[in-house]
Amino acid sequence: MKKYDALYIFVGIAKEDAVNERLEKALAEVTRLGGNVLETVVIGAPKDGFARPMKKHNTGIYVKVRIELDPSKVSELVNRYHLVEEVFRVQILAVDERREAKLAEERAARAERQARKDAAQAAAAASAETEETPEEA
Numbered sequence: 001m002k003k004y005d006a007l008y009i010f011v012g013i014a015k016e017d018a019v020n021e022r023l024e025k026a027l028a029e030v031t032r033l034g035g036n037v038l039e040t041v042v043i044g045a046p047k048d049g050f051a052r053p054m055k056k057h058n059t060g061i062y063v064k065v066r067i068e069l070d071p072s073k074v075s076e077l078v079n080r081y082h083l084v085e086e087v088f089r090v091q092i093l094a095v096d097e098r099r100e101a102k103l104a105e106e107r108a109a110r111a112e113r114q115a116r117k118d119a120a121q122a123a124a125a126a127s128a129e130t131e132e133t134p135e136e137a
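First residue of the sequence shown? That's 1 in my numbering, and the numbers climb one at a time after it.
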């Protein structure tokens, strides 16, 4: 099983609330092929719509999904989506585990630096506060 990021576009939906029904139908294909859905993020519709109309549609709702699937089943999944009316477009990309690990390390290091910076600022503010208040003798 390998991890993939899939980007779905659903059209003909007035509100983002109705996207869940269509998304469930689309993700049923993943589970039918023996895959797992790990994470789902509804990105929403672009402000200005598509750059150019596609099949007489000007806008759609984007959904990013992280799935786990056998690599030999990916082409079958894409072929199934050509038949499913709910899915307007889909793009499936393999997740690079080394890149994900590197990004996680960088986020952790950034958070640690920010925590040290905040602690230093708090200590400086506390010492400045004690210097401003006159001590009584």
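Glycine is no exception: its CB is placed at the ideal position from the N, C-alpha and C atoms.
Being a predicted model, the structure only gives us computed values, none of them experimental.
With a CB to CB cut of under 8 Å and the five nearest residues on each side skipped, what residues in its chain are close to residue i?
i, result
"residue 73", "33, 34 and 35"
"residue 97", "3"
"residue 78", "90 and 92"
Residue i and residue j look like a contact to me (Cβ under 8 Å); what is the Cβ gap, rounded to whole Å?
i, j, result
"residue 86", "residue 26", "6 Å"
"residue 67", "residue 41", "That belief does not hold up - the Cβ atoms of residue 67 and residue 41 are roughly 12 Å apart, past 8 Å."
"residue 11", "residue 63", "Between residue 63 and residue 11 the Cβ distance is about 12 Å, and since that is not below 8 Å, they are no contact."
On a Cα-Cα basis, can you pick out the residue from the options that is closest to residue i?
i, options, result
"residue 69", "109, 80 and 94", "94"
"residue 144", "119, 7 and 123", "As displayed, the chain neither begins before 1 nor continues past 137, which places residue 144 out of reach and without an answer."
"residue 37", "10, 5, 114 and 121", "5"
"residue 91", "80, 101 and 124", "80"
"residue 1", "63, 71 and 39", "71"
Please report how far the alpha carbon of residue i lies from the alpha carbon of residue j, in whole angstroms.
i, j, result
"residue 137", "residue 128", "Low local confidence applies: a pLDDT of 48 at residue 137 is under 50, so the model's placement there is unreliable, with the coordinate-based value given in what follows. Looking at the two C-alpha atoms, the distance is approximately 20 Å."
"residue 110", "residue 65", "26 Å"
"residue 105", "residue 43", "25 Å"
"residue 108", "residue 125", "26 Å"
"residue 75", "residue 112", "42 Å"
"residue 24", "residue 82", "16 Å"
"residue 120", "residue 22", "50 Å"
Per DSSP, what are the beta-bridge partners of residue i in this structure?
i, result
"residue 79", "Answer by DSSP bridge pairing: none, since residue 79 is not bridged."
"residue 68", "3 and 36"
"residue 9", "62 and 89"
"residue 41", "64"
"residue 101", "DSSP lists no partner for residue 101."
"residue 124", "Residue 124 is not bridged to any residue."
Between residue i and the rest of its own chain, which residues show a CB-CB distance below 6 Å, the 5 nearest in sequence each way excluded?
i, result
"residue 89", "9"
Under the criterion of a Cβ to heavy atom distance below 7 Å, does residue i qualify as lining the ligand NAD?
i, result
"residue 105", "Among the components modelled here there is no ligand, and therefore nothing to report on the ligand NAD."
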